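Heads up: the sequence shown runs through residues -20 to -1, 1 to 251, numbered per mature numbering (1 follows the signal peptide of the UniProt record, and there is no 0).
Below is one structure; the comments refer to it alone.
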Amino acid sequence: MKKHIFLLLAVIASILQLHAATVDTITVRSARMGKDVKAVVVSPENKKATSTLYLLHGHSGNYASWLKTAPHIKQLVDTYGYMVVCPDGGFNSWYWDTEDKDYQYETFITKELVPFVEQQYQVGSDRVNRAITGLSMGGHGALYLAFRHQDLFAFAGSTSGGVDIRPFPNNWSMKKHLGDYHEKPEVWDAHTVIELTHLIKPQSLNLFIDCGTEDFFFQVNNKLHEKLTYMNIPHHYLTMPGKHNHEYWAKSIDFQMAFFAQCFQDQSVKK
């Protein structure tokens, strides 16, 4: 897949004037956490979706954050014809399962949310009908979950992702879940994306990673790109001018969603 394909799709999506997609707010019961968790579901207005993109928010965000950051996601959904699900991932969960019973978001996404969505909306339940991506904490979460659950996801991405948490041991309350880095480096290694690349099976995941060149996560994204390249793991890596902010994410989501549209389209052609 060539970069110009999804760049072209993004341009087309940005200029088309379409009807707004259907937006639902749903509540999913998490038996694992013993609480209700909300999610936004964006469905194409005039087409039955067969594929789903799970779109994760960043630190201190919630299920509604993405549509506030990039309201034009509704138009992108109508253009591409697949469904987008934005779950609540907690204030600072990083989408891990932790010792805190209120932070079991790996289990929630993979074992509770996905089956619920597919049952309620009758979308495809094959792995080639599922993609996952997100911003910042959610970018880390998307790759973390995809690497660990390749039976569920065929496509994964990250925008401005915290793909190596270890350079930030005192930030975002991570040590609340993992302990102090200097005391438990092995725990941090097991919970950071860049140390999980060995899990990727050949030809299992199609990956798209992007980051702004002025982002404080730019260097860790470069390191992940270098490691994937060194290990001969195919992936698409895009850098653009931009900081770690809403302006960048409102732009990068165009490229992310165009990429997954191409992935879903390629799979439908193979069928």
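C-beta atoms are modelled at their ideal positions from N, C-alpha and C, and glycine is treated no differently.
The structure presented is a predicted model; accordingly, all values stated were derived computationally and were not measured.
Exposed unless 16 or more other CB atoms sit within 10 angstroms - verdict on A19: The residue given as residue 19 occupies position 39 in the sequence shown. Within 10 angstroms of the beta-carbon of A19 lie 16 or more other beta-carbons, which makes it buried.
K164 (DSSP reduced to helix, strand or coil): Reading the sequence shown from its first residue, position 184 is the one you call residue 164. K164 sits in coil when the DSSP states are folded into three classes, being neither helix nor strand.
Cβ shell of L36 (< 6 Å), same chain only, five flanking positions each side left out: Counted from its first residue, the sequence shown places residue 36 at position 56. Result list for L36: G69, G114, G118, G121, A122, in chain order.
Proximity of S153 and N212 at Cβ, strictly below 8 Å: Residue numbering aside, residue 153 sits at position 173 when the sequence shown is read from its first letter. Residue numbering aside, residue 212 sits at position 232 when the sequence shown is read from its first letter. In this structure, N212 does not lie closer than 8 Å to S153 by Cβ.
Simplified DSSP state of G141, which is helix, strand or coil: Within the sequence shown, numbered from 1, the residue matching residue 141 stands at position 161. Residue state, collapsed to three classes: coil.
Span of the beta strand (DSSP E) around P67: Here residue 67 refers to the residue found at position 87 when the sequence shown is read from its first residue. Counting along the chain, the beta strand (DSSP E) containing P67 begins and ends at 63 to 67.
Unbroken beta strand (DSSP E) run spanning N26, endpoints: Reading the sequence shown from its first residue, position 46 is the one you call residue 26. Looking at the DSSP string, N26 is not in any beta strand (DSSP E), and its letter there is neither H nor E.
Y43 burial status per 10 Å Cβ neighbour count (16 or more: buried): Reading the sequence shown from its first residue, position 63 is the one you call residue 43. Under the 10 Å beta carbon count, Y43 is surrounded by 16 or more other beta carbons and is classified as buried.
Three-pair Cβ contact test at 8 Å for the stretch 169 to 177 versus the stretch 134 to 152: The stretch 169 to 177 vs the stretch 134 to 152: in contact.
Secondary structure of I174, DSSP reduced to three states: As a first step, residue 174 must be located in the sequence shown, where it is residue number 194. The DSSP-derived three-state label of I174 is helix.
CB of A29 within 8 Å of CB of V94, strictly: Locating residue 29 in the sequence shown gives position 49, counting from the first residue. Locating residue 94 in the sequence shown gives position 114, counting from the first residue. Cβ atoms of A29 and V94: not closer than 8 Å.
Burial state of D131 (16 or more Cβ within 10 Å): Counting from one through the sequence shown, the residue named residue 131 turns up at place 151. When all chains shown are included, D131 counts as exposed.
Proximity winner among Q84, Y228, K181, T78, relative to R128 (alpha-carbon distances): Within the sequence shown, the letter at position 148 stands for residue 128. Of the candidates Q84, Y228, K181, T78, the one whose C-alpha sits nearest the C-alpha of R128 is K181.
Own chain, CB closer than 6 Å to P149, minus 5 neighbours either side, in chain order: Your numbering for residue 149 matches position 169 in the sequence shown. These residues qualify, in order along the chain: Y161.
Simplified DSSP assignment, three categories, for T90: As a first step, residue 90 is located in the sequence shown; it is residue number 110 there, counting from the start. In the structure shown, T90 adopts helical secondary structure according to DSSP, grouped into three states.
Simplified DSSP assignment, three categories, for M211: If you number the sequence shown from 1, residue 211 lands on position 231. Collapsing the DSSP output to three states places M211 in coil.
Proximity to N109 [Cα-Cα], best of G222, G61, H224: In the sequence shown, the residue the question calls residue 109 occupies position 129. Checked all of G222, G61, H224; the closest Cα to N109 is G61.
According to DSSP, residues forming a beta bridge with D77: Residue 77 sits at position 97 when you count from the first residue of the sequence shown. Its beta-bridge partners are Q84.
Sequence ranges, alpha helix (DSSP H) only - wholly within the stretch 96 to 141, length at least 4: Along the length of the stretch 96 to 141, whole alpha helix (DSSP H) runs at least 4 residues long occupy 117 to 128, reported in chain order.
Enclosing beta strand (DSSP E) for H39 [first to last residue]: The count along the sequence shown starts at 1 and reaches residue 39 at position 59. Note, H39: premise wrong, no beta strand (DSSP E); not H, not E.
T59 (DSSP reduced to helix, strand or coil): Here residue 59 refers to the residue found at position 79 when the sequence shown is read from its first residue. Here T59 sits in helix by DSSP.
As assigned by DSSP and simplified to three states, the class of L158: Numbered from its first residue, the sequence shown carries residue 158 at position 178. Here L158 sits in helix by DSSP.
Distance cut-off 7 Å: T172 Cβ against heavy atoms of the ligand GDP: You won't find the ligand GDP in this model; it holds no ligand whatsoever.
Three-state secondary structure (DSSP) of I180: Start at 1 with the first residue of the sequence shown, and residue 180 comes out as number 200. Residue state, collapsed to three classes: coil.
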